[in-house]
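Right, one structure below, let's go through it.
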Ligand code: SF4
């Protein structure tokens with residue numbers, strides 16, 4: 016059996032993933048998403064940035080040919096080179112590992128860097144230290160676990176004492192991992208992984224948008240979760256709340272919808288319990304439910320005017336860039352709709368686009384500006400500060416913003432899997448022209464546009480952004496009608 020640092024990392028994120036990688040039907044896997052490929056590329060660039068002017072050696076065999084690459088890595092270590100980039104460490108056999116298994120296991124690790132330090136090893140008066148370099152913004156537990164695994168394998172290969180491995184994160188901040196507590200943690204996890212793989216016990220599906228979005232089994236698992244009406248598809252059901260529900264014997268949508276909130280409240284806060292139950296009822300009956308805030312109170316926070324602006328932004332977080340400010344102006348009196356894609360075709364044009372945006376909103380001074388998330392508010396503040404917009408002008412734009420996400424989440428429970436604009440507007444019947452597209456994909460396409468100048472890429476992003484603005488408009492119209500009719504029936 017092959018057991019790698021990747022298996023360990025995946026297991027910590029989702030135990031089902033390594034199981035499917037080992038035993039699943041490979042034809043059910045999707046191709047790697049483009050934004051995941053981009054993340055890999057960013058990580059490689061990050062490693063090169065950390066290296067700076069340091070001289071390094073890199074094995075030449077492809078990563079997939081781990082045996083050959085591992086032999087090259089070993090040769091470089093024997094020569095005593097100062098730094099090895101993307102080396103492979105591998106060793107067969109469980110000797111030295113604290114594992115209650117006797118079968119043949121090959122351990123494989125791919126530390127970003129192997130850095131030579133003074134010490135004693137089979138090579139001579141030197142040894143190597145493993146350095147993990149990760150895109151995360153904080154030193155997550157799974158990074159430390161993988162670092163402990165790499166350190167252990169390295170110490171067995173070079174016959175040296177265990178030393179604290181290093182983890183470098185996005186900010187280039189470096190952490191030393193305290194090897195002793197993490198070694199015990201890592202060995203326990205190895206036992207769990209091996210037990211699961213040997214028993215072939217398939218872990219239950221649990222859909223978590225953040226981690227499943229990065230996984231090639233996403234569609235496969237999602238279909239299963241849908242068939243099972245799995246509770247993880249309900250907003251608010253986190254892994255820990257799911258465990259609590261199981262403790263109470265609640266495993267289905269019906270059971271949650273019919274549950275007694277005073278029983279749920281024994282294990283979670285009362286308002287959380289009430290929220291989960293209402294969410295289950297809305298989903299079961301496929302209908303939106305009103306929360307306790309009177310519809311009139313919410314309606315009063317949604318202005319109406321003869322001209323309205325619908326606003327959505329596309330951003331490139333890696334460059335800290337807001338490259339597309341999409342503005343849809345709806346003129347009810349003239350029955351006209353006009354979309355303005357204010358796009359920075361190069362990152363340097365962001366200031367120009369910001370000025371165009373300010374001019375456009377000033378030309379329509381009475382129009383409220385509808386958007387769907389806190390991001391637009393934060394961006395207006397960021398761009399105002401960056402391009403020294405007057406405080407008065409910044410305030411006057413901020414004053415006109417109306418966050419429909421806020422209105423929706425305060426007033427309604429939707430029968431959707433989350434409260435993203437996409438899910439809500441689709442449930443209301445709105446269709447995006449780029450149906451398989453996502454904001455994350457736009458990030459990838461914009462990066463490709465900058466590299467290739469292929470206009471079709473930018474046009475696709477603009478179409479997607481226009482549909483985001485139109486979906487916001489669709490939602491606002493529906494929301495006002497729904498709240499007004501609820502006001503009447505109440
Ligand atoms: S799609 Fe989600 S549940 Fe399925 S294996 Fe991947 S991370 Fe796990």
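Numbering (this note's numbering), first residue to last: 16 to 505.
Using N, Cα and C, we set each Cβ at its ideal position, and we do this for glycine too.
All values derive from a computational prediction rather than experimental measurement.
Roughly how far, in whole angstroms, is the beta-carbon of residue 382 from the beta-carbon of residue 320, given that I think they are within contact range, below 8 Å?
That belief holds up - the Cβ atoms of residue 382 and residue 320 are roughly 6 Å apart, short of 8 Å.
Return helix, strand or coil for residue 40, following the three-state DSSP convention.
Here residue 40 sits in coil by DSSP.
Do the segment 309–320 and the segment 259–267 make contact, defined as three or more Cβ pairs closer than 8 Å?
Short answer: they don't touch.
Three-state secondary structure (DSSP) at residue 174?
Coil, per DSSP.
If you compare alpha carbons, which of 125, 237, 106, 368 is closest to residue 43?
For residue 43, the nearest C-alpha among the options comes from 237.
Could you tell me if residue 420 is buried or exposed, where buried requires 16 or more neighbouring beta carbons within 10 angstroms of its beta carbon?
That one is buried.
List, from N- to C-terminal side, the beta strand (DSSP E) runs of 3 residues or more that fit wholly inside the segment 72–142.
Runs found: 98–100, 104–107, 121–124, 128–136.
Spell out a yes or no on whether the segment 373–387 and the segment 403–421 are touching, meaning 3 or more CB-CB pairs, one atom from each, closer than 8 Å.
The answer is yes - the segment 403–421 touches the segment 373–387, with three or more Cβ pairs under 8 Å.
Could you check the C-alpha separation between residue 182 and residue 210 for me, to the nearest Å?
So the alpha carbons of these two residues sit roughly 28 Å apart.
What does residue 386 pair with, by DSSP beta-bridge criteria?
Answer by DSSP bridge pairing, in chain order: 418.
At the level of alpha carbons, what is the spacing between residue 338 and residue 478?
Residue 338 and residue 478: Cα-Cα distance of roughly 14 Å.
With a threshold of 16 other CB atoms inside 10 Å of the CB of residue 482, please say whether the residue is buried or exposed.
Looking at its Cβ environment, which holds 16 or more other Cβ atoms inside 10 Å, residue 482 is buried.
Along the chain, where does the beta strand (DSSP E) that runs through residue 222 open and close?
Taken as a continuous stretch (DSSP letters only), residue 222 belongs to no beta strand (DSSP E), as it is neither H nor E.
Check whether the Cβ of residue 29 lies closer than 8 Å to any heavy atom of ligand 1, and answer yes or no.
Yes, the beta carbon of residue 29 sits closer than 8 Å to at least one heavy atom of ligand 1.
Within the 9 Å Cβ cut-off, does residue 367 reach chain B?
Among the chains of the structure shown, chain B does not appear; only one protein chain is present.
When the Cα of residue 497 is compared with those of 305, 439, 378, which residue comes out closest?
Answer by Cα proximity: 305.
Measuring CA to CA, which of 189, 166, 205 is closest to residue 153?
Nearest option by C-alpha distance: 189.
Nearest CA to the CA of residue 290: which residue from 170, 428, 100, 364?
Comparing Cα positions, the closest option is 428.
Would you check if the distance between the CB atom of residue 20 and the CB atom of residue 126 is smaller than 9 Å?
For residue 20 and residue 126, yes; Cβs fall inside 9 Å.
Which of the three DSSP states is assigned to residue 317 in this structure?
Coil, per DSSP.
Using a Cβ-based criterion (distance less than 8 Å to any ligand heavy atom), does residue 220 qualify as near ligand 1?
Under cutoff, so the answer is yes.
Below 6 Å CB to CB, which residues in the same chain sit around residue 279 once its five sequence neighbours on both sides are set aside?
So the qualifying residues of the chain are 288.
What are the start and end residues of each continuous alpha helix (DSSP H) run of 4 or more residues lying completely inside the segment 333–383, in chain order?
Listed in chain order, they are 365–378.
Between the Cα of residue 437 and those of 47, 176, 487, spot the shortest distance and give me the residue it belongs to.
Of the candidates 47, 176, 487, the one whose C-alpha sits nearest the C-alpha of residue 437 is 487.
What do you reckon, are the CB atoms on residue 457 and residue 476 nearer than 9 Å?
The answer is yes: Cβ separation under 9 Å.
Is the CB-CB distance between residue 226 and residue 28 below 9 Å?
Yes, these two residues count as a Cβ contact at 9 Å.
Using the C-alpha atoms, what's the distance from residue 425 back to residue 494?
Residue 494 and residue 425: Cα-Cα distance of roughly 12 Å.
Give a single yes or no on whether residue 233 has its beta carbon closer than 8 Å to a heavy atom of ligand 1.
Yes; taking the cut-off as 8 Å, the Cβ of residue 233 has a heavy atom of ligand 1 nearer than that.
Which two residues bound the contiguous beta strand (DSSP E) that contains residue 445?
First-last for residue 445: undefined, no H or E at that position.
According to the neighbour-count rule (16 or more other Cβ atoms, all chains shown, within 10 Å of its Cβ), is residue 164 buried or exposed?
The residue in question, residue 164, is buried, as its Cβ has 16 or more Cβ neighbours within 10 Å.
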